[in-house]
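Protein sequences appear in the order of chains A and B.
Residue numbers for the first sequence follow my numbering, beginning at 1 and rising by one.
Residue numbers for the second sequence follow my numbering, beginning at 430 and rising by one.
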Amino acid sequence: MKLKALLIGLGLVASAAHAHNLVPGAPQSGPILLQGGTIHTVTQGRLDSADLLFVDGKIVAVGENLQIPEGTTVIDIQGQHVYPGIIALDTTLGIIEIPAIRATVDTNEVGNFTPEVMAHHAFNADSEIIPTIRYNGVTHAQVVPQGPLVRGQSSLMKLDSWNWRDGIEASPNGMHVTWPRTGLNTSPWERRTPEQQRNTQQEQREQLQQLFATAKVYHEARESGAQTRVDQRWEAMRSLFKGEQKLFVHADDRRQIEQILAFNEAYGFELVIMGGRDAWMMADELAAADVSVVFGAAYGLPSRVDEAYDSAFSTPKLLADAGVNFAIAYPGFWDVRNLAFAAGNAVAYGLDYDQAIAAITYGPAQILGVADRLGSIEAGKQATFIVSSGDVLDHLGQDIQHMFIDGRAIDLSNRHWQLYQKYQERIVE
Amino acid sequence: MMRISTKQSLLLAGTSLLAFSVAAGAPQDQTTPVQGLHHHNPNLIAFTNATLITEPGTQIENATLVIENGAIRSIERNNRAPSGARVIDASGYTIYPGFIDPYSNYGVEQPGRATNRGRSSAPVYSNQREGGNASNAAIHAEKNWVDTFKPDSSQARNYLQQGFTTVQSARLDGIFRGRATTVSLADTLPNTAVYQTRTQHFGSFDKGSSPQQYPQSLMGSIALIRQTLADASWYQDAAGKQASNGQVEFNAALAALQNLQRSGMVFHTTNEQNLLRAHQVFSQFEIPVTYVGSGFEYARLDDVKATGAALILPMSFPAAPELSDQFAELDVSLANLRHWERAPGNPAALANANVRFAFTMNGLEKPQDFWPNVRKAVQHGLSKDRALAALTTQAAEIAGVAEQSGKLAAGYRADLVISRGDLFADGEIVSVWTQGHENSFKPMHPVDFNGNWTVSGFAPAQGEAAFSVKVTASNRLQVELSADDKKVRASNARQDDEQLRFAVNLEEFGHQGVYRFSFKHQSQGQLSGTVQTAAGEVVTITALANDDNESSSAPSTANDRQAVSYISDLTYPNVAFGRDALPEQKNLHIRNATVWTADDQGVLENTDIIVRNGLIHRIGENLSTPRGYEVIDASGMHITPGIIDEHSHIAISQGVNEGTEAITAEVRIGDVVNPDDIHIYRSLAGGTTIAHLLHGSANPIGGQGQAIKLRWGANAEGLKFKETPPTIKMALGENVKQSNWGELYTVRYPQTRMGVAKLIQDAFQQAREYEAEHQAYERMSRAEKRRMAPPRRDYRMETLLQILKSERHTHVHSYVASEVLALMDVVEQQGFRIHTFTHILEGYKVAKEIAEHGARASSFADWWAFKIEAFDAIPQNACLMMEQGVHTSINSDSNDLQRRLNTEAAKSVRYCGMSENDALKMITLHPAEQLEIADYVGSITVGKHADLVFWNHHPLSAYAQVQQTWIEGRKYFDRQDDLAMRERVAAERTALIQKVLGAGEEAQQGHRNGFREEQPTWHCEDQFDVWNQWYSAEHAHGHSHHGFGGAH
């Protein structure tokens, strides 16, 4: 075993603090140079044996033979890889801790029309889960309310903060809708007939149409001054009509996606499909419509019994080939740490390696409208990146040595690492 | 005797039921005192000039059938009626023996259905006891359904209209349903209707109206049947004797099952797998069983044939899936499309395999679909003789009335079906006779007005031409009156009392108002009648047939013997990606691979493997190819042993948990292996070759496990890895103490970890005492044994005893340190060791103790946080346990992860630097050890099974993709073949979808829910009462996004 070697490599976990006592990284105090690594810039290609200089939380220069300011801390990263911080889309990080304990669950508000709720209001910066996610290279997460129809608004959170306020990277940054199910539930405990199921689906679609129609009327009445009373729900919906937020629609079935495209013809919202299991069936259509897809099942089982065993695995490649603007997500909470591996699995099934990296960095940044500062390694952007001693997408390579968010060095310790250390003490005994 | 007087009033009324009343003198009334006059109606009847189908394959033309007093007196070939007989001219008619339905609930009280229980109602753990009934509410074996049988004329009518005269009947409720009776459908006294008082016992897997928790799963039902049959045999020896704990109880249910081997059983099944499962149990007890089939038997025809059992087939075929909306096919599986096409061919397939069967109306949504479906079966290749046998002789055998019903022969019951035409082509039943009484549905010699007629005696007021009457009666009687080129449709056209009547407004023809017509047959081709004018005047008229009239009721031969051809494939299993046949076993020379042996040889570069007769024969460099061996160039490939999953819930039918009683050690996953599960194939595509199928974790001692090799295409028995020693699932913690089952589930012991430990201790103590009791009995003298009852065989205790003796290995669902230590304490006191802890998320905290105890561990790579007992789980768990000498494996507990255990193992390389060789062992050699099959599998070692996986990349890497998976020298997965198969699946789907769409409305006829129940993804904690269909699980593990993935 190479446990000891690992311990030394991390260098950040010498303290025996408990996970909830982890201290957020301090603001960058002086210039730092990462020297001699392989830099995956994402937007500017891959640079071997290159340096990366950042100052005051911003990237200053990337390349060879950089001019180094006085007082620069130099970190030798020869043989290691630098990537932009991984951005996890479609998560419930910080708003759920232990699903079996209701008191720790802040994901679903009452009712099926709750556009007013904002995920960051419940975001627990001290969640025990979050540090375990950082450990696998994730620096940011989109936190999304759950629910059956109009769920509410998501925020992009830095995964290292004192509280949600200083953790916000972008907020609110999306209105989330669960598209009514199409297709039939065929499980043995479904008691409704296909006809009843279709009727319910139809009713839900009509309800959704009605909600958007009313929201539009409300918005226009507010604009014209005709509506003076404020309704939190309709007020929240106005951000869509003002173009302040994108519309994220959670949908997997191709019939749902087709319905969404048709629905949006009337509204012209900036649209993101979340989930998108069947997106491979209509990749050309999605590319032509310029609709982004956040593919949520990179490790998914086939959606249907007759589908090829790798239909989910090979979806990212098919989306890339068709020119769809897409990202890979790993919806969930504790298991979001597998996001990079899921992108690696897409490579095993045909996706180009650099596209796979982009699908968890720059792609998400674009979809969330923060690509001007996050998601790639370029001068002028945030100093948010990770250093791995090996290939971050591969279990055999990933080993995060350093993480910086806005130039702040992040503690990579976590509950697991600490319990691991604690019980190693017992072996020594 | 209200019943009798009702009949008498009917007799007197003498309306259209004339035929019935004449025959009503049958001896229905032998012990009841007569009130009023004694009736002696003549009851000798002769059917002359008939075509008699006396039994399948035997047809007599121009014969006379004589019946008297409800029985057949004779069949006369000379076509003469005995004097004094009422003669019925049956020329042009065919007479069949009355049909027999051997699976019916006619005339017995119907059960209530248990209300949908679930977590919203309090659990019921015991049965209401009365009169010596069984302890389980699904057992009604003591019922003799003849005791409460009452004729029911409205229910009878549904049968009679289809030609049935006799049914074997019992209440269709529960597992042991009681003993059936075979009765006539005649509207008579029950005393007279009974043909065979007590026939076969009826049974099924479905607990029906029982409100009791146990059994909630298919395997629970099977275990209950097995225990009940053993109990019945014990009761035979024990009844009336002294047991160790007092006099042997009276048990009416067990007493009733004493002669089951003689009476036999009719057992209802819902698919061919359940038929085979039932047969496994009943054949063990040598019970002769007739299975009520499902229509799926063709899918495993050889296996069904091998049971040697007769079947009762519902004549119900599925309606096609709804496909008219765009992309509706996304909800439709190839398996269902195939079944839609082939289901009507099931009877023919069985007949060709020489399986005996009868038909039943049971399972039909609409009785009137019966004959169209029989004809459909005939179109699909079933011979008419076999079809008739299924309705007569075969059915009579099953119903225990072969000596009196099912044939036309002297002495047999006068139960007859009279049809116009061949019933198996396009004939129609005109009447059905029960015990010599007619039930008339259509007139025997109907007056036929169809055709064109020219009227004389009454003409249009204008023009030269006479009136023409055109009568058509395809679906509805229609009459059109025309003259010259004018046509008027008559209203109110109807035919009754052998008269054609209609009314027409004749203004078009120059008459004023509506005229009413009436015609009757005068002679061949001539009608006579009257017309009542608008003024009320009556004019006598006649009508002559036009020359172009077809002879009456021209039979259509359109649907006769049109050879049916199928576009669907029939594969094993009969689903997408099924195989045409099992792959051939090959002798192989695999060349130049990187071989990951998972044994002490480590990783061998540029190495050859010789596979012979399914075993690894040689491993080495540059080996020479033995003659006749197939060479595989594996340059650039990595080869590992097949992956073994210690904890899987794939390939299980109808429930993973018998989560009702706290100990259910008697239930067996091996009873419910589902060879049709696509996850077998998907897991092969991920390099897995062996899965240990485990019972869920809802009770401290759950059910017995079953290791399978993923031999996709084999049947359930063929999947079983028989070399594996017996195993069992145990469980600790939140699930077994019902922490998340809701407020009503707080009564079952145990509700705490304290109680879990004690309950388990008690169970094993009882098992010891059980053994002692059996041993004490064995030691008794013969004289003592005559007095003393033998101890009852208890499968639950027997299983626990096997555990005690380390003949059955425990796999214990466990999470936290305290419960693990407690269990090890308890079992050490009982003198045995836990074999393998599974999940064991806090194993790292007590690894030293586990190692000292001698147990092994099988864990998740990185799951945590989904409940409080998983909050201290860490991804370094495997490393810490391995480091302290606990042989550890990584399991999936998920049909998703079972496809990628290689990278799950790699997580220990990632999180705690485990060596790659050790990581590989965690999914090969170590799980083999945990199943005690390491002598056969788990590494690439000479002498072991050639279970091999070919990878295109380092096998622990995220980039590795399985290229081929072999089991014992047979190639079960090949990525190139898979790519080709996708095309084939897509093409077949497209063709079948087009066939459904092309068939239009016709495709929608049939049973609306006629497809196989889909088996869900089972999770450890899934609570599903498959009989009452309520479902509950704590599905909050952060896995929902996989849709199908799941957890522990």
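Glycine included, every Cβ here is placed at the ideal spot set by N, Cα and C.
Keep in mind it's a predicted model, so treat the numbers as computed, not measured.
Option in the options with minimal Cα separation from residue i
i: Ser1053/B; options: Thr1036/B, Thr477/B and Ser1126/B; result: Thr1036/B
i: Ala777/B; options: Asp798/B, Arg815/B, Trp1456/B and Ser911/B; result: Arg815/B
i: Asn1051/B; options: Asp1062/B, Ala681/B, Thr699/B and Gln928/B; result: Asp1062/B
i: Leu845/B; options: Gly865/B, Ala854/B, Pro619/B and Gln1204/B; result: Gly865/B
i: Glu195/A; options: Gln207/A, Ala103/A, Thr182/A and Val42/A; result: Thr182/A
i: Ile96/A; options: Thr104/A, Gly152/A and Gln398/A; result: Thr104/A
i: Ala1555/B; options: Arg785/B, Asn1346/B, Lys636/B and Val1102/B; result: The shown model of chain B, from 430 to 1477, leaves out residue 1555/B, and the question about it has no answer.
i: Gly1439/B; options: Gly792/B, Val718/B and Asp1105/B; result: Gly792/B
i: Asn680/B; options: Pro750/B, Glu794/B, Ala609/B and Arg558/B; result: Arg558/B
i: Asp1028/B; options: Leu740/B, Ser947/B and Ala1357/B; result: Ala1357/B
i: Gly71/A; options: Thr139/A, Tyr420/A, Met175/A and Gln28/A; result: Gln28/A
i: Gln1313/B; options: Ala1280/B, Cys1341/B, Gly1057/B and Tyr944/B; result: Ala1280/B
i: Glu701/B; options: Val1455/B, Asn1457/B and Arg1441/B; result: Arg1441/B
i: Gln1180/B; options: Ser712/B, Val859/B, Ala1205/B and Ala1127/B; result: Ala1127/B
C-beta contact flag for residue i and residue j at 9 angstroms
i: Ala119/A; j: Val150/A; result: no
i: Ser187/A; j: Pro172/A; result: no
i: Leu34/A; j: Asp48/A; result: no
i: Ala327/A; j: Val294/A; result: yes
i: Thr483/B; j: Ile517/B; result: no
i: Val1378/B; j: Gln1359/B; result: no
i: Val876/B; j: Phe870/B; result: no
i: Val1024/B; j: Ile1369/B; result: yes
i: Glu1090/B; j: Tyr1365/B; result: no
i: His630/B; j: Ala685/B; result: yes
i: Gln80/A; j: Val387/A; result: yes
i: Val803/B; j: Leu763/B; result: no
i: Val392/A; j: Gly137/A; result: yes
i: Ser885/B; j: Thr962/B; result: no
i: Val74/A; j: Ile32/A; result: yes
Contact belief for residue i with residue j at Cβ below 8 angstroms, rounded distance in angstroms
i: Ile430/A; j: Ile1269/B; result: For chain A, the structure presents residues 1 to 429; residue 430/A sits outside this window and is missing.
i: Phe938/B; j: Gln907/B; result: Their Cβ separation, rounded to whole angstroms, is 19 angstroms, which puts Phe938/B and Gln907/B out of contact at 8 angstroms.
i: Gly1147/B; j: Arg1140/B; result: 6 angstroms
i: Gln924/B; j: Ser947/B; result: Their Cβ separation, rounded to whole angstroms, is 11 angstroms, which puts Gln924/B and Ser947/B out of contact at 8 angstroms.
i: Ala831/B; j: Ala682/B; result: Actually they do not touch by this definition, with Cβ atoms about 29 angstroms apart.
Would you check if the region 1320-1329 of chain B and the region 1070-1089 of chain B touch, i.e. whether three or more CB-CB distances between them fall below 8 angstroms? yes
Taking 8 angstroms as the threshold, find out whether the region 751-768 of chain B comes into contact with the region 993-1007 of chain B through three or more Cβ pairs. yes
Length at least 3, wholly inside the region 25-73 of chain A: the beta strand (DSSP E) runs in chain order: If we require 3 residues or more, the beta strand (DSSP E) runs fully inside the region 25-73 of chain A come out as 32-40, 46-55 and 58-63.
Can you check the region 931-970 of chain B for any beta strand (DSSP E) of at least 3 residues that lies completely inside it and give the ranges in chain order? 943-952 and 955-961
Enumerated in chain order, which unbroken segments of the beta strand (DSSP E) with a length of 3 residues or greater are wholly contained in the region 1296-1377 of chain B? 1317-1319
Would you check if there are 3 or more beta carbon pairs closer than 8 angstroms linking the region 1182-1192 of chain B to the region 1281-1301 of chain B? no
Evaluate the contact criterion for the region 721-731 of chain B versus the region 778-793 of chain B: three or more CB pairs, one atom per stretch, below 8 angstroms. yes
Does the region 78-95 of chain A touch the region 1278-1289 of chain B, meaning 3 or more C-beta pairs lie closer than 8 angstroms? no
Do three or more CB pairs link the region 832-851 of chain B to the region 498-509 of chain B at distances below 8 angstroms? Contact holds: three or more Cβ-Cβ distances are below 8 angstroms.
Hey, is the region 302-313 of chain A in contact with the region 1347-1360 of chain B, meaning 3+ C-beta pairs nearer than 8 angstroms? By the Cβ test, the region 302-313 of chain A is not in contact with the region 1347-1360 of chain B, since fewer than three Cβ pairs between them sit closer than 8 angstroms.
Are at least three pairs of beta-carbons, each pair with one atom in the region 1218-1232 of chain B and one in the region 1162-1169 of chain B, less than 8 angstroms apart? Pairwise C-beta distances place the region 1218-1232 of chain B out of contact with the region 1162-1169 of chain B, as fewer than three of them are shorter than 8 angstroms.
At least 3 beta-carbon pairs within less than 8 angstroms: the region 119-128 of chain A vs the region 369-384 of chain A: no
Check whether the region 1441-1455 of chain B touches the region 191-208 of chain A, counting contact only when three or more Cβ pairs, one atom from each stretch, lie closer than 8 angstroms. no
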